[in-house]
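Everything below concerns the one structure shown next.
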Amino acid sequence: MIEVERLTKSYGPLTAIRDVSFSVAPGEIVGFLGPNGAGKSTTMRILACFMPASSGTVRIAGYDVFRESLKVRKRIGYLPENVPLYVDLRVAPYLDFVAEVKGVGRAERRRRVAEAMERCLITDVQHRLIGRLSKGYRQRVGLAQAIIGDPEVLILDEPTLGLDPKQITEIRSLIKSLAGRHTVILSTHILPEVSMVCSGVVIINQGSIVAQGPIDTLVDQFFPTARLEVEIAGPPAAVHDGMRAIPGVVAVEGLGVTDGVGRFVVESARGRDVRGEIFALAAQQRWSLLELKRVGTTLEEVFIRIVAGEQAADEARP
Ligand SMILES: Nc1ncnc2c1ncn2[C@@H]1O[C@H](COP(=O)(O)OP(=O)(O)O)[C@@H](O)[C@H]1O
Ligand SMILES: [Mg+2]
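Per the working numbering, the very first residue in the sequence shown carries number 13; after that it's consecutive.
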């Protein structure tokens, strides 16, 4: 549905994005992830036909954003980073205006506006001035203008930026509810958001794509081992060595001993469950096994590994 190929954009001497390529399948919600200044908004502005690229191509629903921008514009909804809403307009007339600009006929507009307001839970504020609304409500109005006309593709740039935790939760579930009906690309620098809302991610750092794919695949790729947290009351060195000797265990890290209870992180090859062996070992040695639990790898750790790894590589360069 979205095909980005070798996209480069320079602002004067600064190359904001370089050779960016990725694709988003129909119906997918993809998180576009990267630290501030990575090039997320630049990429999204190009996707939304807001400005041209320096080189490279973007196709949305098969249409080139540069050469066939009118066809693209009809098929996308865009929530820019700083939502430029008309603060002096009331909610419903504003949305009606947006629908008109998008070419929705008069007869159809009323229904479309009502539906967008309903989906974004803003029907109750439809007669209020946009400028008087809270940031959370304004963001929902921004989403409503993006979904008006039922576009195939939604491009949402930091949709939860500047919201309080309650509003963030509301906007997230709203975005989730948009899935299926639309293909969504949403940028964020908040990692848990991606895990909660998205099926796949595209990670950008310093203008270049550094990883992309389904979250699980990325986790496996960057963390080829599974981890267990273990607490055993027993002689720490013997416990350590005993677990290290279990086939499939690749590392054992001691986290400290409190009141004779040692805490360890045991890493094993993915797909190799060593919990049974650890239990058997403890039983055989008459150590008390007090805790044995799997530790999930979060997208956050993947992100840190990728972005920190890049920085370390940069610093190592002469
Ligand atoms: N209009 C602009 N003119 C000049 N430089 C810009 C402009 N917009 C963004 N940049 C620069 O391009 C880089 C990428 O910015 P941006 O795409 O906004 O990143 P992100 O959205 O990931 O924070 C940054 O270094 C930023 O300072
Ligand atoms: Mg941005």
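Built from N, CA and C at the ideal position, the CB exists for glycine as well. Keep in mind it's a predicted model, so treat the numbers as computed, not measured.
Expected contact under 8 angstroms - CB spacing of Glu265 and Val251 to nearest Å: Contact annotation, Glu265 with Val251: C-beta distance approximately 12 angstroms; criterion of less than 8 angstroms not satisfied.
Ala223 beta carbon less than 8 angstroms from that of Ile318 = In contact: Ile318 and Ala223 (Cβ atoms closer than 8 angstroms).
Would you call the CB atoms of Glu279 and Val262 closer than 8 angstroms? Yes.
When DSSP builds the beta bridges, which residues end up paired with Glu241? Partner(s): Val277, Lys305.
Best match in Pro204, Thr309, Pro248, Ala294 for proximity to Asp232 [C-alpha to C-alpha]: Of the listed residues, the one whose Cα sits closest to Asp232 is Thr309.
_Excluding the 5 residues flanking Glu289 on each side, which residues of the same chain have their C-beta closer than 7 angstroms to its C-beta?_
If you ignore the 5 residues before and after Glu289, its C-beta comes within less than 7 angstroms of the C-beta of Ile258, all in its own chain and listed in chain order.
* Asked: For Gly154, does the count of other Cβ atoms within 10 angstroms reach 16, so buried, or fall short, so exposed?
  -> Within a 10 Å sphere around the beta-carbon of Gly154 sit 16 or more other beta-carbons, which makes this residue buried.
**Q.** Inter-stretch contact at 8 angstroms, needing at least 3 Cβ pairs: the stretch 111 to 121 / the stretch 146 to 153
**A.** Judged by Cβ distances under 8 angstroms, the stretch 111 to 121 makes no contact with the stretch 146 to 153, as fewer than three pairs qualify.
**Asked** For Pro226, which beta-bridge partners are listed by DSSP?
**Response** Paired residues: Gly212.
In this structure, how does DSSP classify Asp31 when only helix, strand and coil are distinguished?
It is a strand residue.
Collapsed DSSP secondary structure at Ser189 in the structure displayed
Ser189 falls in the helix class under three-state DSSP.
Quiz item: Is it true that the stretch 20 to 33 meets the stretch 54 to 64, where meeting means three or more beta-carbon pairs spaced less than 8 angstroms apart?
Solution: Result yes; three or more Cβ-Cβ pairs closer than 8 angstroms.
Problem - Coarse secondary structure for Thr195, derived from DSSP in three states - result: DSSP places Thr195 in strand when its eight states are reduced to three.
Query - Tyr23: first and last residue of the uninterrupted beta strand (DSSP E) it sits in - result: Per DSSP, the continuous beta strand (DSSP E) segment holding Tyr23 begins and ends at 14 to 23.
Please classify Gly283 as buried or exposed, where buried requires at least 16 other C-beta atoms within 10 Å of its C-beta. Gly283 comes out exposed.
Item checked: N-terminal and C-terminal residue of the beta strand (DSSP E) that Gly89 is part of -> Gly89 -> beta strand (DSSP E) spans 88 to 91.
Can you say whether Gln296 is buried or exposed, counting buried as having 16 or more other CB atoms within 10 angstroms of its CB?
When all chains shown are included, Gln296 counts as exposed.
| query | What residues are listed by DSSP as bridge partners for Phe44? | reply | Looking at the DSSP assignment, Phe44 forms a beta bridge with Ser199, Val214.
Leaving out the 5 sequence neighbours to the left and right, which residues in its chain are closer than 8 angstroms to Ile88 when beta-carbon positions are compared? These residues qualify, in order along the chain: Leu59, Ala60, Cys61, Ile72, Pro163, Glu164, Val165, Leu166, Ile167.
- Hey, out of His201, Thr69, Lys178, Pro64, whose CA is closest to Glu312's CA? That would be His201, whose Cα lies nearest to the Cα of Glu312.
Say yes only if the C-beta of Ser53 is nearer than 7 angstroms to one or more non-hydrogen atoms of ligand 1, and no if none qualify.
Taking the Cβ of Ser53 as the reference point, at least one heavy atom of ligand 1 falls within a distance shorter than 7 angstroms.
| said: So, for Asn48: in the same chain, excluding its five sequence neighbours on each side, which residues have a beta-carbon less than 7 angstroms away from its beta-carbon? | reply: Within the same chain, Asn48 has close Cβ partners His201.
Helix, strand or coil: how does DSSP classify Asp176 here? Judged by DSSP in its simplified three-state form, Asp176 adopts coil rather than helix or strand.
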